[in-house]
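J.: Got a structure here, written out as structure tokens. Questions coming.
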Amino acid sequence: MNTFTRLTTAMITLSSMALSAQAAQLNINLNNVKENQGTIKVAIYDSAKGMKQYQAFEVLEQKADADQLTFTVMDLAHGDYAVMVYQDLNGDGKLGRNLMGIPNEPYGFSNNPRLMGPPKFAQLAVNVSDTHISTNIELR
């Protein structure tokens with residue numbers, strides 16, 4: 016193997032190691048799930064702009080088969096992420112609301128803020144800077 020080939024191989028290996036070292040895992044732990052009722056929908060946003068435009072970085076879905084569930088997102092770049100969750104009880108694919116616009120299906124957010132009006136990215140932001148980060152969300 017010539018010097019150039021060895022140098023190139025070493026650089027690729029180091030680059031791969033650096034990228035994998037920067038990737039993180041986010042565990043989203045949900046509590047107060049109405050067991051065996053509908054589907055849990057999780058939207059993860061990586062920017063305020065994306066959240067404002069309802070353009071999720073990643074969307075996850077799972078049957079509500081337990082009163083506590085964990086969703087895991089792998090290979091995240093370090094940064095801030097906001098998580099919105101709701102339990103679609105009636106299967107219509109959207110968060111149900113009453114006549115006043117207040118949700119009537121279980122929902123929750125990262126950081127569990129008490130809100131009046133739509134959430135802001137900064138209120139929900141979870142900083143992913145370690146290898147494994149967990150956020151606990153209470154559905155209400």
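Residues 16 to 155 (the working numbering) make up the sequence shown, in order. Every residue gets a Cβ at the ideal spot worked out from N, C-alpha and C, and that includes glycine. Please read all numbers here as calculations on a predicted model, not as lab measurements.
In the DSSP output, which residue or residues are listed as bridge partners for Gly123?
T.: According to DSSP, Gly123 bridges with Val100.
J.: By alpha-carbon positions, which one of Glu120, His147, Pro134, Gly116 ends up nearest to Met66?
T.: Looking at the Cα atoms, Pro134 is the closest of the given residues.
J.: Tell me the residue span of the alpha helix (DSSP H) that contains Met66.
T.: Looking at the DSSP string, the run of the alpha helix (DSSP H) that includes Met66 is 63-67.
J.: What is the C-beta distance between Tyr101 and Ala140, in whole angstroms, given that I count them as a contact (C-beta under 8 Å)?
T.: Wrong, their Cβ atoms sit about 19 Å apart, outside the cutoff.
J.: What's the C-alpha gap between Thr150 and Ala81?
T.: So the alpha carbons of these two residues sit roughly 18 Å apart.
J.: Inspect the beta-carbon positions of Thr54 and Glu76 and report whether they are closer than 8 Å.
T.: Closer than 8 Å, so yes.
J.: Let me confirm a value: Gly152 is counted as buried when at least 16 other C-beta atoms fall within 10 Å, else exposed. Which label applies?
T.: The residue asked about is misnamed: residue 152 is Ile in this sequence, not Gly. The residue in question, Ile152, is buried, as its Cβ has 16 or more Cβ neighbours within 10 Å.
J.: In angstroms with no decimal places, state the Cα-to-Cα distance between Asn105 and Asn119.
T.: Straight-line Cα distance between these residues: approximately 11 Å.
J.: How many angstroms separate the CA atom of Asn47 from the CA atom of Asp107?
T.: Roughly 21 Å between the two C-alpha positions.
J.: Is Gln70 helix, strand or coil when you go by DSSP?
T.: In the structure shown, Gln70 sits in coil (DSSP, three-state: anything other than H, G, I, E or B).
J.: Between which residues of its own chain and Glu50 is the CB-CB distance below 8 Å, once the five residues before and five after are set aside?
T.: Excluding residues within five positions, the ones whose Cβ falls inside 8 Å are Ala79, Asp80, Ala81, Asp82.
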